[in-house]
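Peer 1: Listed in order, the protein sequences are those of chains S and P.
So that you can map any letter, position 81 of the first sequence is 81 in this note's numbering, and since no number is skipped, the others follow by simple counting.
So that you can map any letter, position 37 of the second sequence is 1037 in this note's numbering, and since no number is skipped, the others follow by simple counting.
All C-beta atoms, glycine included, are put in the ideal place defined by N, C-alpha and C.
This structure is a prediction, so every number in the text was calculated from the model and none was measured.
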Amino acid sequence: KQEVTQIPAALSVPEGENLVLNCSFTDSAIYNLQWFRQDPGKGLTSLLLIQSSQREQTSGRLNASLDKSSGRSTLYIAASQPGDSATYLCAPIYGQNFVFGPGTRLSVLP
Amino acid sequence: ETGVTQSPTHLIKTRGQQVTLRCSSQSGHNTVSWYQQALGQGPQFIFQYYREEENGRGNFPPRFSGLQFPNYSSELNVNALELDDSALYLCASSIEAGWDEQYFGPGTRLTVT
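#1: Of the residues G1066(P), N1030(P) and R1022(P), which one's Cα is nearest the Cα of H1010(P)?
#2: Quick one: Cα of A10(S) to Cα of F25(S), how far?
#3: Name, in chain order, the residues that DSSP records as bridge partners for H1010(P).
#4: Does any residue of chain S bring its CB to less than 8 Å from the CB of L1067(P)?
#5: Quick one: list the residues of chain S neighbouring P1043(P), beta-carbon separation under 7 Å, in chain order.
#6: Can you check whether the CB of G1016(P) is closer than 8 Å to the CB of A1087(P)?
#7: Note down, in chain order, each residue of its chain lying with its Cβ closer than 7 Å to the Cβ of R1051(P), except the 5 sequence neighbours on either side.
#8: Between K1013(P) and the rest of its own chain, which residues show a CB-CB distance below 6 Å, the 5 nearest in sequence each way excluded?
#9: Taking the alpha-carbon positions, what's the L49(S) to Q1048(P) distance?
#10: Looking at the unbroken beta strand (DSSP E) that takes in R37(S), where does it start and where does it end?
#11: Does any residue of chain S have a CB that is nearer than 8 Å to the CB of G1028(P)?
#12: Going along the chain, which residues of its own chain have a beta-carbon closer than 7 Å to the beta-carbon of F1104(P), five neighbours each way excluded?
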């Protein structure tokens, strides 16, 4: 069974800190992996897509790494801001099926 | 803004009724996927359509069905609603294959009483 876990479940930090969010998946036969953020009661916003042949992907203050063989991905957020407060979801992609983790709920305090 | 829209925003139905949720994808996006997200959980894959044909299905019963139309719109139909169907329903579109980057709509919040 394809399962995804995310650690920590929740995180509260002061503004300016660098953060690491972790994603683990049991089935390493992924096509790609996508990271999303979700604001309360809203849809998902795509942050980064990492193809299975890539090791990492960067967009602004965000950097995501992928270690397919060990079933892990990490999202690094530099110099966190209150606007980063949201739930962050990772989704390894198996064919047409995105399998989502439960998310990490991030709160950045001003 | 992803260009993916969903209607309605909120909906309240009674157990046993039927519901139709609608999604409008970006022009040129041939794939649409539907997800159910219960409160406090990640989205769960319901099914995917590619060029108007079902292209994969998650672990959902047949009372969940869908349609995709040539004008990049799609529908999710749920028959015989149950209380556990209360959730946020999300659609996502991608250009071609399902493993492409997906762009999500804002969702429809369904409450079954």
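Peer 2: Here's the rundown:
#1: Among G1066(P), N1030(P) and R1022(P), the Cα nearest to that of H1010(P) belongs to R1022(P).
#2: Each residue's Cα considered, the two are about 18 Å apart.
#3: Per DSSP, R1109(P).
#4: Residue contact check for L1067(P) against chain S: no CB pair falls below 8 Å.
#5: From the beta-carbon of P1043(P), the residues of chain S found nearer than 7 Å are F100.
#6: The answer is no: Cβ separation not under 8 Å.
#7: So the qualifying residues of the chain are N1030.
#8: The beta carbon of K1013(P) lies closer than 6 Å to those of V1019, L1081 and V1112 in the same chain, with the five residues before and after it left out.
#9: If you draw a straight line from the Cα of L49(S) to the Cα of Q1048(P), it is about 19 Å long.
#10: First-last of the beta strand (DSSP E) with R37(S): N32 to Q38.
#11: So, not an interface residue.
#12: Hits under 7 Å: T1002, V1004, L1090 and A1092.
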